[in-house]
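All remarks here apply to the structure that follows.
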Amino acid sequence: GEDVEQSLFLSVREGDSSVINCTYTDSSSTYLYWYKQEPGAGLQLLTYIFSNMDMKQDQRLTVLLNKKDKHLSLRIADTQTGDSAIYFCAASTSGTYKYIFGTGTRLKVLA
Amino acid sequence: DAGVTQSPTHLIKTRGQQVTLRCSPKSGHDTVSWYQQALGQGPQFIFQYYEEEERQRGNFPDRFSGHQFPNYSSELNVNALLLGDSALYLCASSFTAVGPDTQYFGPGTRLTVL
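Written as structure tokens, this is what we have:
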């Protein structure tokens, strides 16, 4: 069935780049999303990519998509302490309306 | 421009009770989805409402029901509460059109069942 997997933890030093990885199983996934969740809060949409693209850049964020391997990554340049949060990858498929979320990657930024 | 709002923020109920959670979508949005997020997990899709009807449902029992009003706001009702229903309930709104129905989330309602 549909599944989205992420590594649980990532720790980086302030100013370094962070790379958060995600794999998904449904090859018919159409759109892939990245959300950020801070403690006690809802999900903030960061960016999304359509499945016919292989890269999307938005300020400090770069999304890379390898459709053949069903692998998605989010790179955060010049990571700041305010980037510490849980990052969720989500997939949606044309013709359905639900998002399938991964379990989230907790990013800790060390000063 | 107000984003997605949810009420209440927190709720404590006991097993067997019923609960109603409310959501107002972002301005210009016509579609509301509900998700359950257990501690340490990603959100799980409960259902989506569009044009006042349930358009798609996830793997949740009939104890979970919903409603959408003409102003696009929505309610999630859960009957016969179980301890396992304790979670953060997230509402997401979107605009149904050609292209991605990008979902924007509210802050959530934290439900604790004792």
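Line by line, the protein sequences are chains A and B.
Just so we're aligned, residue 43 is where the first sequence starts under this note's numbering, counting upward by one.
Just so we're aligned, residue 423 is where the second sequence starts under this note's numbering, counting upward by one.
Using N, Cα and C, we set each Cβ at its ideal position, and we do this for glycine too.
Treat the numbers as computed from the prediction; the structure is a model and nothing was measured.
Check whether residue i and residue j have beta carbons under 9 Å apart
i, j, result
"TYR66 of chain A", "THR524 of chain B", "no"
"THR518 of chain B", "TYR457 of chain B", "no"
"ARG117 of chain A", "SER71 of chain A", "no"
"ALA133 of chain A", "GLU44 of chain A", "yes"
"SER495 of chain B", "SER455 of chain B", "no"
"PRO492 of chain B", "GLU475 of chain B", "no"
"LEU433 of chain B", "THR531 of chain B", "yes"
"LEU512 of chain B", "GLN439 of chain B", "no"
"THR123 of chain A", "ALA153 of chain A", "yes"
First through last residue of the beta strand (DSSP E) which encompasses residue i
i, result
"ARG485 of chain B", "Unbroken run through ARG485 of chain B: none, as it is neither H nor E."
"ASN108 of chain A", "103-108"
"SER449 of chain B", "Neither: SER449 of chain B is in no beta strand (DSSP E) and is coded neither H nor E."
"PHE92 of chain A", "85-92"
"GLN466 of chain B", "466-472"
"LEU116 of chain A", "113-118"
"ASN63 of chain A", "60-66"
"VAL426 of chain B", "Per DSSP, VAL426 of chain B belongs to no beta strand (DSSP E) and is neither H nor E."
"SER48 of chain A", "Rather than Ser, the amino acid found at residue 48 of chain A in this sequence is Gln. Looking at the DSSP string, the run of the beta strand (DSSP E) that includes GLN48 of chain A is 46-48."
"SER508 of chain B", "Here SER508 of chain B belongs to no beta strand (DSSP E), and DSSP marks it neither H nor E."
"LEU52 of chain A", "51-55"
"GLN478 of chain B", "475-479"
Any non-hydrogen atom of the ligand SAH within 8 Å of residue i CB
i, result
"GLN490 of chain B", "The ligand SAH is absent from the structure shown, which contains no ligand whatsoever."
Close Cβ partners of residue i (< 7 Å) along its chain, the five nearest in sequence each way excluded
i, result
"SER126 of chain A", "LEU149, LYS150, VAL151"
"LEU88 of chain A", "TRP76, TYR77, LYS78, LEU103"
"ASP507 of chain B", "VAL500, LEU533, VAL535"
"LYS109 of chain A", "SER93"
Of the listed residues the options, nearest to residue i (C-alpha basis)
i, options, result
"GLU497 of chain B", "B:ILE434, B:LYS435, B:LEU443", "B:LEU443"
"ASN63 of chain A", "A:ASP111, A:THR123, A:SER71", "A:ASP111"
"ARG485 of chain B", "B:TYR494, B:GLU474, B:PHE469", "B:PHE469"
"ARG437 of chain B", "B:PHE482, B:GLN478, B:ARG477, B:LEU505", "B:LEU505"
"PRO465 of chain B", "B:ARG477, B:GLU475, B:ASN481, B:GLU476", "B:ASN481"
"TYR139 of chain A", "B:HIS489, B:GLN440, B:LEU510, B:THR453", "B:THR453"
"ASP100 of chain A", "A:ALA119, A:VAL54, A:GLY144", "A:ALA119"
"LEU107 of chain A", "A:ASP58, A:VAL54, A:SER69", "A:SER69"
Cut-off 8 Å between Cβ atoms - residues of its own chain near residue i, not counting five sequence neighbours on either side
i, result
"TYR526 of chain B", "GLY425, VAL426, LYS448, HIS451, ALA514, SER515, SER516"
"LEU85 of chain A", "TYR77, LYS78, GLN79, PHE130"
"GLN435 of chain B", "The question names Gln, yet the displayed sequence has Lys at residue 435 of chain B. For LYS435 of chain B, where only same-chain residues beyond five positions count, the Cβ hits under 8 Å are VAL441, LEU503, LEU533, THR534, VAL535, LEU536."
Chain-order list of residues whose beta-carbon lies under 6 Å from that of residue i (same chain, five-residue window excluded)
i, result
"TYR90 of chain A", "TYR73, TYR75"
"THR147 of chain A", "GLN48, SER49, LEU52, ILE62, TYR129"
"ASN499 of chain B", "THR442, SER487"
"ARG479 of chain B", "PHE469"
In DSSP terms, what residue i is bridged to
i, result
"VAL500 of chain B", "B:VAL441, B:PHE486"
"ASP100 of chain A", "A:LEU103"
"ALA132 of chain A", "A:TYR75, A:PHE143"
"LYS435 of chain B", "B:VAL535"
"SER516 of chain B", "B:THR453"
"SER70 of chain A", "According to DSSP, SER70 of chain A bridges with nothing at all."
"ALA153 of chain A", "Partner(s): none; ALA153 of chain A has no beta bridge."
"GLN459 of chain B", "B:LEU510"
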